[in-house]
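Residue numbers (the working numbering): 1011 to 1304.
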């Protein structure tokens, strides 16, 4: 699997990212930590083992699976994150809506949740991986985008903006078209797959084919051990959580856009002269389609 951002993320973000791939025993530990991080930070390893009905050895193995040296480092990381959420109360809980909540409360809750997700995404994002992805996009003969549903809307934005600055690319939300294009790739090309869960077959399949053909593959996903990440040369992770009324990756859109925006700006920076000229002429070309303001 490609190098991911696991070792760069805040501890709770890291645990959420790997939770779907954990064993049953390790998942019980993860669920306990995510439910009560402050209590675990104050617990001994023996107390946590008793709460999770597991052994001290299993707790230690869980810590090492997270890239930590052991339980003391886990407690320190949890305490540090607890200090951050205490300093920023809006970070302390997931949003949950009731049918009677006024629009003003919904707005404030959404803002707090999305800001938290954006900040956590920025904190754990592997900027070295971003740089490698930008380099690949700049030198690519052709760029394929593979995404469906809501992620396709996010991919469309990057597709249109890269197209506007002269990068040859195409978005394939239909899996039949996607696998056909993936089959045409080689070492000169780049394929970028976007999936919050990283388990969307219509995205994983064409990215895997593009990799087999020799293309550089990039994954944008919330889960660094997902099937999509496994077929990517470069993995860029987001840190969004599904919440009531925003399940299925809806909460991930802004974090995905943040990551893709980094890629776009990176490409424009490295092709500044050409990109600036194309953007200027494009602005002039569409100006006549704007209605005058009264």
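We treat Cβ as the ideally placed atom computed from N, Cα and C, and that holds for glycine.
Backbone secondary structure at residue i - three-state DSSP
i	result
residue 1135	coil
residue 1141	helix
residue 1301	coil
residue 1247	strand
residue 1034	helix
residue 1152	coil
residue 1062	coil
residue 1164	helix
residue 1230	strand
residue 1306	With the chain represented from 1011 up to 1304, any question about residue 1306 goes unanswered, as that position is not in the structure.
residue 1194	coil
residue 1213	helix
residue 1203	strand
residue 1181	strand
residue 1365	Past the boundaries of the shown model lies residue 1365; the chain is included only from 1011 to 1304, so the question cannot be answered.
residue 1116	helix
residue 1147	helix
residue 1102	Confidence in residue 1102 is poor, its pLDDT being 47 and thus under 50, which makes the residue's placement too unreliable to answer from.
residue 1235	coil
residue 1028	helix
Buried versus exposed call for residue i [16 or more other C-beta atoms within 10 Å across all chains shown]
i	result
residue 1130	buried
residue 1204	buried
residue 1136	buried
residue 1246	buried
residue 1294	exposed
residue 1169	buried
residue 1064	buried
residue 1134	buried
residue 1262	buried
residue 1208	buried
residue 1198	exposed
residue 1138	exposed
residue 974	The requested residue 974 does not occur in the structure, where the chain is confined to residues 1011 to 1304.
residue 1015	Note that residue 1015 scores a pLDDT of 41, beneath 50, so its modelled location is shaky; the value from the coordinates is reported in the next line. Residue 1015 should be labelled buried.
residue 1194	exposed
residue 1028	buried
residue 1086	exposed
Residue i and residue j closer than 8 Å at C-beta
i	j	result
residue 1201	residue 1231	no
residue 1248	residue 1214	no
residue 1276	residue 1164	no
residue 1039	residue 1055	no
residue 1289	residue 1174	yes
residue 1128	residue 1033	no
residue 1229	residue 1192	no
residue 1244	residue 1142	yes
residue 1161	residue 1206	yes
residue 1278	residue 1285	yes
C-alpha gap between residue i and residue j, whole angstroms
i	j	result
residue 1052	residue 1235	29 Å
residue 1185	residue 1196	19 Å
residue 1224	residue 1066	45 Å
residue 1103	residue 1172	Caution is warranted here: a pLDDT of 47 is assigned to residue 1103, below 50, making its placement in the model unreliable, and the coordinate value is therefore given only provisionally. Approximately 37 Å, taken between the alpha carbons.
residue 1216	residue 1238	10 Å
residue 1090	residue 1240	31 Å
residue 1092	residue 1026	16 Å
residue 1250	residue 1233	10 Å
residue 1062	residue 1023	20 Å
residue 1150	residue 1045	44 Å
residue 1049	residue 1125	25 Å
residue 1119	residue 1273	29 Å
residue 1057	residue 1210	39 Å
residue 1166	residue 1035	40 Å
residue 971	residue 1148	For the chain, the structure presents residues 1011 to 1304; residue 971 sits outside this window and is missing.
residue 1281	residue 1271	15 Å
residue 1082	residue 1047	14 Å
residue 1218	residue 1189	9 Å
residue 1030	residue 1021	16 Å
residue 1187	residue 1177	20 Å
Minimum Cβ-Cβ distance from residue i to chain B less than 8 Å
i	result
residue 1156	This model lacks chain B altogether; it includes just one protein chain.
Discussion item. With a threshold of 8 Å, are at least 3 pairs of Cβ atoms found where one atom belongs to the region 1137-1156 and the other to the region 1181-1198?
Written reply: yes
Worksheet item: Within the chosen definition, does the region 1062-1077 reach the region 1108-1124 through at least 3 CB pairs nearer than 8 Å?
Response: no
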